[in-house]
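Undergrad: All residue numbers for the sequence shown refer to my numbering, where the first residue is 55 and numbers rise by one.
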Amino acid sequence: MTSQTNLYRALVRDAMQTDCTVIGADATCKEAVDRLRVGSSTCAIVNDGAGCPVGIITEQDVVNRIAFKAEPLAPVTQAMTAPVQTIHGDEFLFHAIAAMRRGDIRHLPVVDGNNALIGVLRLKDALFETTPKLMADIDTLAGDGGKAGLNAIKGGLGAIAGQMLDDGIPVPEIQALLSEVNNDVYRRITDLTLDDMAASGLGKAPVAFSVIIMGSGGRGENFIHPDQDNGLILADYPDEDHDRIDGWFMEFSQRLTLALDQAGFPLCRGAVMGTNPLWRKTISQWKAQFNIWVAARSVASLRFCDILFDFRSIWGEQALARELRHHVLGMISNTPSFLRDLADEAKAAGVALGFFDRFILVPDTDVHKGTLNLKQSGTLPLIEAVRIIALRDGVDALSTLGRMACLAETGYLAHDEHDYLVGAYQHLCWLIMRHQIGCARDGMEISYYMSPDELTRREKDMLVDGLKAIRQFRDRVQAELSGNIF
């Protein structure tokens, strides 16, 4: 992974100092100065009895307050800067950098989930590998914490992705960054929506819950302009409380999806959102619904399963998501014929390659006539086939490349076949990313439809070879599963 993507994806704990100077709130100013003098730290964190930061003493405090104003035996609480701003160790590093620059902060105490001190982030350490261009990008990605700032993030992502592509950064890394930034926006909008609910007099969430995303976001494979694919997993509650509790989450979902839409995540045209009761259920209801889908084997239920398989929890109670994942994988392992039906349904999404290896273009009756649909007839056939085998073999990975790597490790994919499929997938993703970035720069509709005229001869040859490899792999999967009839 490149240093540029490392910076965007690094966490605060990756850059913090753990050997920081810590003093108790009952210490004197003299003790604070003595500790700073003998240590290598440029600040001292003042903790309460529970190990939580309540203040900070910096070199500036020593000069401006202690040296000329405070008595040596005066409590350190009289000279420290308080209240002190903190940041969680699992926050993105670029958030911390942006916050420190905005607040002119040089030292930021880092805390864990219990607000206990685990380290200190120094601005000069965080900025070690940055450049002016990276700093501008960091300010864009961090926003200002409010809805307006979050709305601006999506507008700047296309330009950042374009710069990364121009710099030769591999497209899977760009996709992973886009996905993580988008998921971060999801989390922050979820927090803001919860605040809005409380401010409106609706109170806190009545039960624990998890916000899940599906599709490319769940796999970590976002391109420039993904729409919403989300849902809610709620903790179980008594049936008699359904109207009250589900009513609260319905209102929450409406506010959440509207805020996401305003932030640049279009509403899902297929209604795969928490506003739809199909995608907003308790953990027990989710299990029962999945069992019904597996038993029904209808076109609709198979598609619903296909959507759900790539879900990822991005906010809230992670145990609920783990429980649902465990149930889904267990159900599939006990129903092997279900995978055969999935493969049969996936046959409709064939690759865009016909007789004599000629491209199959969108028909003249469609608004996108004469173009290649690089998602529907390119990446999707491979994503679906790889996912089916990964589910059959109990692979936990969610990304397509991650799943293929696991299948190569188990020996299901031979070395050459793995190389062909990875190359095919990466070439398709590169073509899509380049096309969408170009559309964004030119103010055009961002889509997966590309004219073959945009491709060089070499790019066409590589695309043909890649689509042939994908078709061969799909045929193999189909043939294997057709024999697994129970």
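Just so it is clear, CB atoms sit at the ideal spot from N, CA and C, and this is done for glycine as well.
On a CA-only basis, which of G328, G255, D281, A213 is nearest S264? Give me that one, please.
TA: Sequence index remark: in the sequence shown, residue 264 carries index 210 (1-based). The shortest CA-to-CA distance from S264 to any of G328, G255, D281, A213 is the one to G328.
Undergrad: Ordered along the chain, which non-local residues of its own chain (more than five positions away) have a Cβ less than 6 angstroms from that of L535?
TA: Taking the sequence shown and counting its residues from 1, the one referred to as residue 535 is at position 481. Same-chain partners within the cutoff: L393, R394, A397.
Undergrad: Could you spell out the range, first to last residue, of the alpha helix (DSSP H) harbouring T244?
TA: The residue labelled residue 244 in the question sits at position 190 within the sequence shown. Start and end: 225–253.
Undergrad: Could you tell me whether the Cβ atoms of C460 and V449 are closer together than 7 angstroms?
TA: Taking the sequence shown and counting its residues from 1, one reaches residue 460 at position 406. Taking the sequence shown and counting its residues from 1, one reaches residue 449 at position 395. For C460 and V449, yes; Cβs fall inside 7 angstroms.
Undergrad: Is G492 helix, strand or coil when you go by DSSP?
TA: Here residue 492 is taken as the residue at index 438 of the sequence shown, counted from 1. Shown here, G492 sits in a helix according to DSSP, grouped into three states.
Undergrad: Since V518 and D411 should fall inside the 8 angstroms C-beta cutoff, what is the C-beta to C-beta distance between them, to a whole number of angstroms?
TA: Start at 1 with the first residue of the sequence shown, and residue 518 comes out as number 464. Start at 1 with the first residue of the sequence shown, and residue 411 comes out as number 357. Contact flag correct, Cβ pair sits at about 5 angstroms.
Undergrad: Taking 7 angstroms as the threshold (beta carbon to beta carbon), is D179 in contact with chain D?
TA: This model lacks chain D altogether; it includes just one protein chain.
Undergrad: Distance, Cα to Cα, A313 vs I141?
TA: Residue mapping note: residue 313 aligns to position 259 of the sequence shown, counting from 1. Residue mapping note: residue 141 aligns to position 87 of the sequence shown, counting from 1. Rounded to whole angstroms, A313 to I141 spans 25 angstroms at the Cα level.
Undergrad: Got a sec? Which residues, its chain only, sit under 8 angstroms from E174 by beta carbon, not counting five neighbours each side?
TA: Here residue 174 is taken as the residue at index 120 of the sequence shown, counted from 1. The residue asked about is misnamed: residue 174 is Val in this sequence, not Glu. Taken in chain order, the residues that qualify are M70, Q71, C74, S95, C97, I99, H161, L162, P163, V164.
Undergrad: Leaving out the 5 sequence neighbours to the left and right, which residues in its chain are closer than 6 angstroms to S431 when beta-carbon positions are compared?
TA: Position 377 of the sequence shown, counted from the start, is the residue given in the question as residue 431. So the qualifying residues of the chain are V405, A406.
Undergrad: What is the rounded straight-line gap between the Cα of W340 and the Cα of T454?
TA: On the sequence shown, position 286 is the one that residue 340 refers to. On the sequence shown, position 400 is the one that residue 454 refers to. When rounded, the distance between both Cα atoms is 25 angstroms.
Undergrad: Does the beta-carbon of T510 have 16 or more other beta-carbons within 10 angstroms, so that it is buried, or is it exposed?
TA: Here residue 510 refers to the residue found at position 456 when the sequence shown is read from its first residue. When all chains shown are included, T510 counts as exposed.
Undergrad: Counting only the same chain and skipping the five closest in sequence on each side, list residues whose C-beta sits under 6 angstroms from that of R273.
TA: For this step, residue 273 is matched to residue 219 along the sequence shown. D364, L452, S453.
Undergrad: What is the DSSP secondary structure of G157, reduced to helix, strand or coil?
TA: Here residue 157 corresponds to residue number 103 of the sequence shown, with the count starting at 1. If DSSP states are grouped into helix, strand and coil, G157 belongs with the helices.
Undergrad: For L452, which three-state DSSP category applies?
TA: Here residue 452 is taken as the residue at index 398 of the sequence shown, counted from 1. In the three-state reduction of the DSSP assignment, L452 falls in the coil class, being assigned neither a helical nor a strand state.
Undergrad: When DSSP labels each residue in this structure, what does C483 get in the three-state scheme?
TA: For the purposes of this step, residue 483 is identified with residue 429 of the sequence shown, where counting begins at 1. In the displayed model, C483 falls within a helix according to three-state DSSP.
Undergrad: Which of the three DSSP states is assigned to K208 in this structure?
TA: The residue labelled residue 208 in the question sits at position 154 within the sequence shown. Helix, per DSSP.
Undergrad: Could you name the residues of the same chain whose beta carbon sits closer than 6 angstroms to that of A400, not counting the 5 residues immediately before and after it, in chain order?
TA: As a working mapping, residue 400 is identified with position 346 in the sequence shown. Taken in chain order, the residues that qualify are E438.
Undergrad: Considering only the beta carbon of each residue, do I287 and I337 sit closer than 7 angstroms?
TA: If you number the sequence shown from 1, residue 287 lands on position 233. If you number the sequence shown from 1, residue 337 lands on position 283. Contact: yes.
Undergrad: Could you check where the beta strand (DSSP E) with N276 kicks off and where it finishes?
TA: Here residue 276 refers to the residue found at position 222 when the sequence shown is read from its first residue. Taken as a continuous stretch (DSSP letters only), N276 belongs to no beta strand (DSSP E), as it is neither H nor E.
Undergrad: For D418 and R366, what's the separation of their Cα atoms in angstroms?
TA: As a first step, residue 418 must be located in the sequence shown, where it is residue number 364. As a first step, residue 366 must be located in the sequence shown, where it is residue number 312. Cα to Cα, D418 sits roughly 38 angstroms from R366.
Undergrad: Here's the rule I'm using: 16 or more other beta-carbon atoms within 10 Å means buried, otherwise exposed. How should F148 be labelled?
TA: For this step, residue 148 is matched to residue 94 along the sequence shown. Buried is the call here.
Undergrad: Quick one: what's got a C-beta closer than 7 angstroms to L204's C-beta in the same chain, skipping five residues either side?
TA: Locating residue 204 in the sequence shown gives position 150, where the first residue counts as 1. These residues qualify, in order along the chain: G197, V239, R242, I243, A317.
Undergrad: Three-state secondary structure (DSSP) at R528?
TA: Position 474 of the sequence shown holds residue 528. In the structure shown, R528 sits in a helix (DSSP, three-state: H, G or I).
Undergrad: When you compare only the Cα positions, how much space is there between D115 and C83?
TA: Within the sequence shown, residue 115 is the residue found at index 61, counting from 1. Within the sequence shown, residue 83 is the residue found at index 29, counting from 1. Using only the alpha carbons, I get a separation of about 10 angstroms.
Undergrad: Pick helix, strand or coil for G285, following the three-state DSSP scheme.
TA: Within the sequence shown, residue 285 is the residue found at index 231, counting from 1. Strand.
Undergrad: Could you check whether Y502 and V427 sit closer than 7 angstroms to each other, using their CB atoms as the reference points?
TA: Residue mapping note: residue 427 aligns to position 373 of the sequence shown, counting from 1. Residue mapping note: residue 502 aligns to position 448 of the sequence shown, counting from 1. Checking the displayed sequence, the identity of residue 427 turns out to be Asn instead of Val. Cβ atoms of N427 and Y502: closer than 7 angstroms.
Undergrad: Using only alpha-carbon positions, find the residue among A152, E145, A180 that is nearest to G167.
TA: For the purposes of this step, residue 167 is taken as the residue at position 113 of the sequence shown. Ranking the options by Cα distance to G167, first place goes to E145.
Undergrad: Could you check what DSSP says for G173 in three-state terms: helix, strand or coil?
TA: Translated into positions along the sequence shown, residue 173 becomes position 119. Reduced to three states, the DSSP call for G173 is strand.
Undergrad: Would the region 481–501 and the region 458–473 be scored as touching if the rule is three or more Cβ pairs under 8 angstroms?
TA: no
Undergrad: Please state the DSSP three-state secondary structure of K335.
TA: Here residue 335 refers to the residue found at position 281 of the sequence shown. Here K335 sits in strand by DSSP.
Undergrad: Quick one: what's got a C-beta closer than 6 angstroms to G370's C-beta in the same chain, skipping five residues either side?
TA: As a working note, residue 370 is residue 316 in the sequence shown. So the list reads F263, S264, V265, once near-sequence residues are dropped.
Undergrad: Beta carbon of V261: closer than 6 angstroms to some heavy atom of the ligand SAM?
TA: You won't find the ligand SAM in this model; it holds no ligand whatsoever.
Undergrad: Between which two residues does the beta strand (DSSP E) carrying C97 extend?
TA: Within the sequence shown, the letter at position 43 stands for residue 97. First-last of the beta strand (DSSP E) with C97: 97–101.
Undergrad: Per DSSP, what are the beta-bridge partners of S391 in this structure?
TA: Position 337 of the sequence shown, counted from the first residue, corresponds to residue 391. Looking at the DSSP assignment, S391 forms no beta bridge with any residue, so it has no partner.
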